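As given, the protein sequences belong to chains A and B, one line each in that order. Going by the numbering used here, the first sequence opens with residue 1, and the numbers climb by one from there. Going by the numbering used here, the second sequence opens with residue 442, and the numbers climb by one from there. Glycine included, each C-beta is placed from N, C-alpha and C at the ideal position. If you're wondering where the values come from, they're calculated on a predicted model, not measured in any experiment. Notes follow the structure.
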Amino acid sequence: MKDLLEEKIKQLKPEDLKKALQVFREKLNQEYAAYFNSCIHCGLCADSCHYYLTHKDVQSLPAYKLNLANGIFKKYFSFVGKNIPGWIGAKEFNQAMVREWVDSLFGRCTLCGRCSLNCSLGINIHLLIRTARSALASIRIVPLGLQSTVDTALEKGNNMGIAKEDWIETVEWLEEELQEEVSDKQAVLPMDKKGARLFYTVNPREPMFFPLSILAVGKIFYAVGESWTFSGDNYDVTNYGYYSGDDEAAATMSDRLVQSMKKLDCKTLVLAECGHGLNANRWEAPEWLSKKYDFEVKSILEIVADYIRQGRIKLDPSLNPNPVTLHDPCNLVRLGGIVEEQRYILKHAVAHFIEMYPNRQKNFCCGGGGGQLAMTRFSQRRLKAGQIKADQIRKTGAKIVATPCHNCIDQLMELNKHYKLGVEVKTICEFAADALIIDKS
Amino acid sequence: MPFIEVKETKIEVNEEGFLANHENWAKEVAEFLAKEEEGTEDLTDDHWAVINYIRNHYLEKKLAPMVRKICKNTGFQLKYIYELFPSGPAKGACKVAGLPKPDGCV
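Next up, the structure:
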């Protein structure tokens, strides 16, 4: 079979390369330009990167990836680089360089930000890598599965192309399941309920293939008698434009949730357990859309932790007796700031909780982020890079891995199979729902 | 691109083991993929009910079916589907049924 991405690279014309450079320049503000001149090659980033630790090749080194982008910055946007390029390592932006960018900046990075955290000069390495991806995305040089996930979301309204009637029928089916589970024919999963307090989003992967996490959240909302709703349209919490670097696509996707908030007149936009969905919709989206939100944006974890704090739900941890460990999704924790809520919920919902090491902001990426799950061409590297996570999990001796991110769940399920870990992988709300004591009075 | 070898025929797959061309699917290919991907030695009638439904849905609509439809048309409980295909409907059942990899977080 033809390598379609390679075909596209071969067909790049000088004007395409010029356009990519222009986009690269537009996105580089003074702060980013200062970063480019700051790396002192101390090497601290090497041991922070799951790709470098598992592959030990120079192309995986964060400083090397940074330098790939930096060489182009110097060549086209610095005085010395323009005139004596060889002197300062300035490099030509041509097809060969595009190939290198794709291989290292898409193929050896999950945008997890662990290198940035460990950089002795505080360089936001992952942000610069994303900026270089933006340049490539502007000429549609994006690995195919990642691009098609962006395209599907733009064309069909959600990243798996789920038809509206299928989504609505799935919710009706889950509603019946919920009624059976709580033995109450009045239990509902509300759809398009105007004026509800919360608008709850989902990852299309849930209704498509793994709906138990939706049922879990529905059960928790039922237990507290929450005023909430799903939306028939524009409910997708994911944002693959964030991964591909396409800010325009990213803005369109995030704006859809804003439209749903307006349509449904809700107070709080509640994001499902999704790492990049939180980072994109809570932190990045107001920038992409150049506007301040006039509503709250919260993770479902914050909502559920509040229910526990306020005594609105009762949990019996003995209902989850097996040892559980927790994987911290990079976009939610290191880059998103939701750190303790998931721990607070688990400590109330499971009998035996074991932290893996390192954890919280210092946690290692599972290897599935940055669009890697969608980029089939790099899947063998992805599995190899996940070895660190597999080792972390194995050392805890836990039987179940909890993680508040469906993207991480999919990678962890693959690591489970590949490294024969013998664990189960679940969302945080599934544990809370399983531990729930529903007071019928 | 990598390939698998079933009954001395080489069949192209992508780097994640999904068939490069769904038309190359056959019963023996499903049996091979089930063993390779799910460690399932013998496909039961229940496995086939899921595989055949997914495959026919795809041939008709060029889309993988939602898990609700798989449950409804086979009469199986959701948890049973996950037991039949431990890697889940996408990387288990759809792959064995010869479908291409779906978009999204899978």
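When you compare the CB of residue i with every CB in chain A, is at least one pair closer than 8 Å?
{"i": "E469 (chain B)", "result": "no"}
{"i": "E456 (chain B)", "result": "yes"}
{"i": "D544 (chain B)", "result": "yes"}
{"i": "A531 (chain B)", "result": "yes"}
{"i": "V440 (chain B)", "result": "Here chain B has residues from 442 to 547 only, and residue 440 (chain B) is not among them."}
{"i": "V508 (chain B)", "result": "yes"}
{"i": "L540 (chain B)", "result": "no"}
{"i": "L504 (chain B)", "result": "yes"}
{"i": "V547 (chain B)", "result": "yes"}
Against chain B, with Cβ distances strictly below 8 Å, would residue i count as a contact?
{"i": "A374 (chain A)", "result": "yes"}
{"i": "Q179 (chain A)", "result": "no"}
{"i": "W173 (chain A)", "result": "yes"}
{"i": "K417 (chain A)", "result": "yes"}
{"i": "S104 (chain A)", "result": "no"}
{"i": "I162 (chain A)", "result": "yes"}
{"i": "M191 (chain A)", "result": "no"}
{"i": "G145 (chain A)", "result": "yes"}
{"i": "M253 (chain A)", "result": "no"}
{"i": "T325 (chain A)", "result": "no"}
{"i": "D166 (chain A)", "result": "yes"}
{"i": "T444 (chain A)", "result": "Nothing about residue 444 (chain A) can be reported from this structure: the residues present for chain A run from 1 to 441 only."}
{"i": "D410 (chain A)", "result": "yes"}
{"i": "P204 (chain A)", "result": "yes"}
{"i": "N159 (chain A)", "result": "yes"}
{"i": "E169 (chain A)", "result": "yes"}
{"i": "N407 (chain A)", "result": "yes"}
{"i": "P207 (chain A)", "result": "yes"}
{"i": "L210 (chain A)", "result": "Just to set this straight, residue 210 (chain A) is Phe in the shown sequence, not Leu. It does; some Cβ of chain B falls within 8 Å."}
{"i": "M413 (chain A)", "result": "yes"}
{"i": "T427 (chain A)", "result": "no"}
Identify the residues that DSSP records as bridge partners of residue i: which are they?
{"i": "E296 (chain A)", "result": "A:T268"}
{"i": "E424 (chain A)", "result": "A:I400"}
{"i": "K478 (chain A)", "result": "In the structure as shown, chain A starts at 1 and stops at 441, and residue 478 (chain A) therefore has no counterpart that could be examined."}
{"i": "T325 (chain A)", "result": "A:I354 and A:V401"}
{"i": "V454 (chain B)", "result": "B:L460"}
{"i": "F444 (chain B)", "result": "B:E453"}
{"i": "I437 (chain A)", "result": "A:K314"}
Rounded to whole angstroms, what is the Cα-Cα separation between residue i and residue j?
{"i": "Y307 (chain A)", "j": "F73 (chain A)", "result": "50 Å"}
{"i": "G275 (chain A)", "j": "T450 (chain B)", "result": "42 Å"}
{"i": "K347 (chain A)", "j": "P317 (chain A)", "result": "8 Å"}
{"i": "I495 (chain B)", "j": "W173 (chain A)", "result": "19 Å"}
{"i": "G277 (chain A)", "j": "D184 (chain A)", "result": "33 Å"}
{"i": "E370 (chain A)", "j": "C109 (chain A)", "result": "According to the sequence shown, residue 370 (chain A) is Gly rather than Glu. Roughly 7 Å between the two C-alpha positions."}
{"i": "E251 (chain A)", "j": "N281 (chain A)", "result": "The question names Glu, yet the displayed sequence has Ala at residue 251 (chain A). Near 9 Å, if we compare the C-alpha coordinates of N281 (chain A) and A251 (chain A)."}
{"i": "D487 (chain B)", "j": "P527 (chain B)", "result": "14 Å"}
{"i": "N67 (chain A)", "j": "R381 (chain A)", "result": "21 Å"}
{"i": "C115 (chain A)", "j": "Q361 (chain A)", "result": "12 Å"}
{"i": "I522 (chain B)", "j": "P286 (chain A)", "result": "40 Å"}
{"i": "V448 (chain A)", "j": "I162 (chain A)", "result": "Residue 448 (chain A) lies beyond the range of chain A shown here (1 to 441); nothing can be said about it."}
{"i": "G145 (chain A)", "j": "I354 (chain A)", "result": "35 Å"}
{"i": "F378 (chain A)", "j": "E180 (chain A)", "result": "43 Å"}
{"i": "L271 (chain A)", "j": "K262 (chain A)", "result": "16 Å"}
Quick one: residues in its chain with C-beta nearer than 7 Å to the C-beta of residue i, no 5 flanking neighbours on either side, listed in chain order?
{"i": "E456 (chain B)", "result": "P443"}
{"i": "L189 (chain A)", "result": "V171, L174, E175, L178, G218 and F230"}
{"i": "P490 (chain B)", "result": "A small correction: the amino acid at residue 490 (chain B) is Ala; Pro does not occupy that position in the sequence shown. Around A490 (chain B): T515."}
{"i": "P329 (chain A)", "result": "G275, T403, P404, C405 and C408"}
{"i": "I393 (chain A)", "result": "T325, M356, V401, L421 and V423"}
{"i": "A351 (chain A)", "result": "P317, S318, N320 and P321"}
{"i": "I168 (chain A)", "result": "M191 and G232"}
{"i": "Y222 (chain A)", "result": "L178, V182 and A187"}
Near residue i, which residues of its chain fall below 8 Å by C-beta distance, leaving aside the five closest residues on each side in sequence?
{"i": "A471 (chain B)", "result": "L484, I492, V537, A538 and G539"}
Taking Cβ positions only, does residue i come closer than 8 Å to chain C?
{"i": "S379 (chain A)", "result": "The question asks about chain C, but that chain is absent: this structure's protein chains are A and B."}
CB-CB under 6 Å to residue i, same chain, minus the five flanking residues each way: which ones, in chain order?
{"i": "E206 (chain A)", "result": "S213 and I214"}
{"i": "R197 (chain A)", "result": "S227 and K267"}
{"i": "N158 (chain A)", "result": "P204 and D236"}
{"i": "I437 (chain A)", "result": "K314 and D316"}
{"i": "S244 (chain A)", "result": "A137, V142, L146 and V150"}
{"i": "E296 (chain A)", "result": "T268"}
{"i": "F210 (chain A)", "result": "none"}
{"i": "K520 (chain B)", "result": "none"}
{"i": "L121 (chain A)", "result": "S38"}
Complete alpha helix (DSSP H) runs within the stretch 212-288 of chain A (minimum length 4 residues, chain order):
As for any alpha helix (DSSP H) of minimum length 4 sitting wholly inside the stretch 212-288 of chain A, the runs are 212-224, 240-244, 247-264, 275-278 and 285-288, ordered along the chain.
Ordered list of beta strand (DSSP E) runs contained in the stretch 41-104 of chain A, each at least 3 residues:
With a minimum length of 3 residues, no continuous beta strand (DSSP E) run stays inside the stretch 41-104 of chain A.
Can you list the alpha helix (DSSP H) stretches of 4 or more residues lying completely in the stretch 159-219 of chain A, in chain order?
Annotation: the stretch 159-219 of chain A contains the following complete segments of the alpha helix (DSSP H) (minimum length 4 residues), in chain order: 164-182 and 205-208.
Only counting runs of 4 or more residues, tell me where the alpha helix (DSSP H) segments fall wholly within the stretch 360-404 of chain A, in order along the chain.
Counting only runs of 4 or more, we get 379-385 and 387-396.
Whole alpha helix (DSSP H) runs in the stretch 107-144 of chain A with 4 or more residues, listed along the chain?
Runs found: 114-118 and 125-137.
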